[in-house]
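Novice: Here you go, one structure.
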Amino acid sequence: NSIQAPPVSVYKAEYITDLEITAGVNDEIVFQEINATGGAATMTAGIDVTGSPYTDMGDLSRAIEAAMETQSDLNGNRIDYAVSYDPETSRFNIRENGASLNELNILWDASTASAATTLGFYPLTDTIDYPHSAITIDSQNNILDFQEENPLGTFTTLQARIPTGTYSDMSALADAVETAMEKVSSDSGNTADYSVSYDSLTDKFDISGGATLTSFNLLWQTGNGADFSIGETLGYDMSLEAICLTLKRSIRREPPPPFRLRLHRTHTTALISWKKRLPRP
């Protein structure tokens with residue numbers, strides 16, 4: 013076939029840039045972990061060069077992540093890292109996937125074989141500060157009032173008490189909230205199965221589940237324990253009641269972020285229905 017105009021692709025082409033990682037040239041990342049007790053450990057992660065050239069930036073991200081976690085394990089910290097690549101901005105992101113560290117320093121200029129330039133970083137030290145290494149739950153913020161609606165339209169108002177203590181692992185705090193909610197739900201006879209999670213990338217807690225229910229409502233304002241609610245600690249806007257549908261049509265809405273865990277803004281998503289007001293307990 014011959015045409016007089018240049019051929020035009022039917023779909024968008026996928027643009028891939030190969031990145032060469034060479035041993036002793038650009039395969040090292042020197043980083044320092046500072047934990048909650050102030051202990052510091054400096055180590056060097058060697059990126060796997062057997063996968064080079066890397067045409068898939070996801071593969072390279074995973075190789076960096078694995079190299080850093082291996083060194084962290086060897087030093088006893090066992091930090092879980094999250095390394096990602098954004099194809100729209102052509103940028104890599106390196107961070108802890110959790111809340112065990114107080115500080116992470118990536119010393120791009122500490123090795124003559126630094127991967128900094130290859131990955132698009134300036135050959136300087138990047139410091140990621142995690143000052144929210146712990147959240148304390150005590151008698152002033154350990155209550156979660158909520159209301160369950162079963163398929164028969166019966167409403168039950170419940171109060172979960174979160175175990176007090178200092179939580180340095182946000183996932184552990186999420187698990188404690190989930191367990192407390194499920195216990196009181198089971199005691200009431202509804203036996204709802206909840207899912208409470210923490211996303212370290214967005215610094216958000218999420219409460220969902222209750223599939224055996226028609227809805228469950230988080231009573232930040234009207235609960236009997238509102239003055240001692242855990243809501244603000246989890247990043248919820250306490251001026252809003254969260255009506256969470258489980259079986260009906262719903263939309264996802266993010267309340268305004270009123271709470272800051274020092275450097276990291278936290279707010280929590282909830283499934284908000286179109287109900288205008290809650291029934292009285």
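Numbered by the working numbering, the letters in the sequence shown go through residues 13 to 293 in order. No residue lacks a Cβ here, since even glycine has one placed at the ideal position from N, Cα and C. Note that the coordinates shown come from a computational prediction; the quantities given were computed from them, not determined experimentally.
What whole-angstrom Cβ distance do Q44 and A53 have, given they're in contact under 8 Å?
Specialist: With a Cβ gap of about 7 Å, Q44 and A53 count as contacting.
Novice: Taking the straight line between their C-alpha atoms, what separation do you get for M250 and L72?
Specialist: If you take the alpha carbons of M250 and L72, they lie about 42 Å apart.
Novice: Residues in its own chain within less than 6 Å of T178 by CB, not counting five upstream and five downstream?
Specialist: Answer for T178: A146 and T148, listed in chain order.
Novice: Please look up how many angstroms separate the CB atoms of I76 and I41, rounded, as I've assumed it's under 8 Å.
Specialist: Rounded, the Cβ-Cβ distance is 7 Å, consistent with contact.
Novice: Tell me which residue opens and which closes the alpha helix (DSSP H) that D92 is part of.
Specialist: Element bounds for D92: n/a, residue is neither H nor E.
Novice: Look up F217 in the DSSP assignment and say whether it is helix, strand or coil.
Specialist: Residue state, collapsed to three classes: strand.
Novice: Looking only at its chain, what residues have a beta carbon closer than 6 Å to the beta carbon of D30, apart from the 5 residues adjacent to it on each side?
Specialist: If we look at D30 and ignore the five residues flanking it on each side, its Cβ neighbours are P65 and T67.
Novice: Comparing C-alpha positions only, which one of L185, A186 and Y206 sits nearest to K195?
Specialist: Of the listed residues, the one whose Cα sits closest to K195 is Y206.
Novice: Return the CA-CA distance between G221 and L86, expressed in angstroms with no decimal places.
Specialist: Whole-angstrom Cα-Cα distance: 38 Å.
Novice: Taking the Cβ atom as the reference point for each residue, do L213 and A94 lie within a distance shorter than 8 Å?
Specialist: It is a contact, given that the beta carbons lie within the stated cut-off.
Novice: Could you tell me the boundaries of the alpha helix (DSSP H) in which S200 lies?
Specialist: M182 to S200 is the span of the alpha helix (DSSP H), which, as asked, contains S200.
Novice: For the alpha helix (DSSP H) that contains G70, what are its first and last residues?
Specialist: From DSSP, the alpha helix (DSSP H) with G70 extends over M69 to L86.
Novice: Verify whether the separation of the beta carbon atoms of L225 and F158 is less than 8 Å.
Specialist: Cβ atoms of L225 and F158: not closer than 8 Å.
Novice: Give me, in chain order, the residues of the same chain whose beta-carbon lies closer than 8 Å to that of D150; leave out the 5 immediate sequence neighbours on both sides.
Specialist: So the qualifying residues of the chain are T176.
Novice: If you draw a straight line from the alpha carbon of E100 to that of M69, how long is it in whole angstroms?
Specialist: For E100 and M69, the distance between alpha carbons rounds to 12 Å.
Novice: In the DSSP assignment, what are the bridge partners of F43?
Specialist: Answer is M55 and I118.
Novice: When DSSP labels each residue in this structure, what does T129 get in the three-state scheme?
Specialist: The answer is helix: DSSP assigns T129 an H, G or I state.
Novice: Which of helix, strand or coil does DSSP assign to E32?
Specialist: Looking at E32 - three-state DSSP - the assignment turns out to be coil, as it is neither helix nor strand.
Novice: Using DSSP with H/G/I as helix, E/B as strand and the rest coil, what is M250?
Specialist: Looking at M250 - three-state DSSP - the assignment turns out to be coil, as it is neither helix nor strand.
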